[in-house]
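**Q** In this text, residue positions in the sequence shown follow my numbering: the first is 35, and each later residue adds one. C-beta: ideal position from N, C-alpha, C; glycine also.
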Amino acid sequence: MGGFIDLKMKRFFRCNVCGDIHYGNIPPDKCPTCNAMHAYAHITKEEALFVQEVKAFEELEKKDIPEDGKEELLKTWKDFTKDSTCRLTFDEDMLNSLLDGVLTNEKNTGLRLCPCRIRNGKREQDLNLLCPCNFYAQQTWKDKDECWCGLFKKRD
Numbered sequence: 035m036g037g038f039i040d041l042k043m044k045r046f047f048r049c050n051v052c053g054d055i056h057y058g059n060i061p062p063d064k065c066p067t068c069n070a071m072h073a074y075a076h077i078t079k080e081e082a083l084f085v086q087e088v089k090a091f092e093e094l095e096k097k098d099i100p101e102d103g104k105e106e107l108l109k110t111w112k113d114f115t116k117d118s119t120c121r122l123t124f125d126e127d128m129l130n131s132l133l134d135g136v137l138t139n140e141k142n143t144g145l146r147l148c149p150c151r152i153r154n155g156k157r158e159q160d161l162n163l164l165c166p167c168n169f170y171a172q173q174t175w176k177d178k179d180e181c182w183c184g185l186f187k188k189r190d
């Protein structure tokens, strides 16, 4: 008899490099689309639908963020950095400010957009602002060993 798969435990994950969406209990170690290693982050169903163009950009509904939203987002970031070449900032004030900013964007737009970059409302460009973004490709990562907003830092 095979193992039992708990469908209630399945979640959506997005590759921060190419935007590939995975639905399952855990994300793959290697993205099957772009071959990036450990590039998946847990995302909401709304973000998965948006990335896949199932819902029109304008139809994303504003929503209330659950009380545990901050803890859940922090866990997402910690899981994302667990086996990665990056780590979270040690600056607690900055970390809390960025958590609040991303959750405010989620409440206002339905998406976990980076609070440090300006959204222009064009779907293709706004997809680049989903946190975590593909910061490895940014000049800031190459020059300063950190992502655009300083949330993710290169491991020592």
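Is the Cβ of Phe186 closer than 8 angstroms to any Cβ of chain C?
**A** The structure shown contains no chain C; it is built from a single protein chain.
**Q** How big is the Cα-Cα spacing for Glu126 and Thr67?
**A** Here residue 126 refers to the residue found at position 92 of the sequence shown. Here residue 67 refers to the residue found at position 33 of the sequence shown. Glu126 and Thr67: Cα-Cα distance of roughly 35 angstroms.
**Q** Go ahead and pull the three-state DSSP assignment for Gly53.
**A** Numbered from its first residue, the sequence shown carries residue 53 at position 19. In the structure shown, Gly53 sits in coil (DSSP, three-state: anything other than H, G, I, E or B).
**Q** Select from Gly58, Asn154 and Thr115 the residue whose C-alpha is nearest the C-alpha of Arg45.
**A** Looking up residue 45 in the sequence shown gives position 11. Closest by alpha carbon: Gly58.
**Q** Taking buried to mean at least 16 other C-beta atoms within 10 Å of its own C-beta, is Arg157 buried or exposed?
**A** Here residue 157 refers to the residue found at position 123 of the sequence shown. So Arg157 ends up on the exposed side.
**Q** Is Gln173 near Cys181, with beta carbons less than 8 angstroms apart?
**A** Translated into positions along the sequence shown, residue 173 becomes position 139. Translated into positions along the sequence shown, residue 181 becomes position 147. Taking 8 angstroms as the Cβ cut-off, Gln173 and Cys181 do not qualify as a contacting pair.
**Q** In angstroms with no decimal places, state the Cα-to-Cα distance between Asn162 and Asn168.
**A** Sequence index remark: in the sequence shown, residue 162 carries index 128 (1-based). Sequence index remark: in the sequence shown, residue 168 carries index 134 (1-based). Using only the alpha carbons, I get a separation of about 7 angstroms.
**Q** With a 10 Å radius around its C-beta and 16 neighbouring C-beta atoms as the bar for buried, classify Phe124 as buried or exposed.
**A** Your numbering for residue 124 matches position 90 in the sequence shown. Exposed, by the Cβ-count rule.
**Q** Rounded to the nearest angstrom, what separates Gly155 and Arg121 at their Cα positions?
**A** Working through the sequence shown from its first residue, we reach residue 155 at position 121. Working through the sequence shown from its first residue, we reach residue 121 at position 87. Their Cα atoms are separated by approximately 30 angstroms.
**Q** At what residues does the beta strand (DSSP E) containing Arg121 begin and finish?
**A** On the sequence shown, position 87 is the one that residue 121 refers to. Run containing Arg121: Cys120 to Leu122, per the beta strand (DSSP E) assignment.
**Q** Kindly identify the DSSP beta-bridge partner or partners of His76.
**A** Your numbering for residue 76 matches position 42 in the sequence shown. His76 pairs with Phe47.
**Q** Exposed or buried, what is Thr119 when buried is set at 16 or more other beta-carbons lying within 10 Å of its beta-carbon?
**A** As a first step, residue 119 is located in the sequence shown; it is residue number 85 there, counting from the start. By the neighbour-count rule (16 or more Cβ atoms within 10 Å), Thr119 is not buried but exposed.
**Q** Any idea what DSSP makes of Lys141, helix, strand or coil?
**A** The residue you call residue 141 lines up with position 107 of the sequence shown. It is helical.
**Q** Leaving out five residues on either side along the sequence, give the residues of the same chain with a beta carbon under 7 angstroms from the beta carbon of Phe8.
**A** No answer is possible for residue 8: the residues shown for the chain start at 35 and end at 190.
**Q** Using C-beta distances below 6 angstroms, list every residue in its chain close to Ile60, excluding the 5 sequence neighbours before and after it, in chain order.
**A** The residue given as residue 60 occupies position 26 in the sequence shown. There are no such residues.
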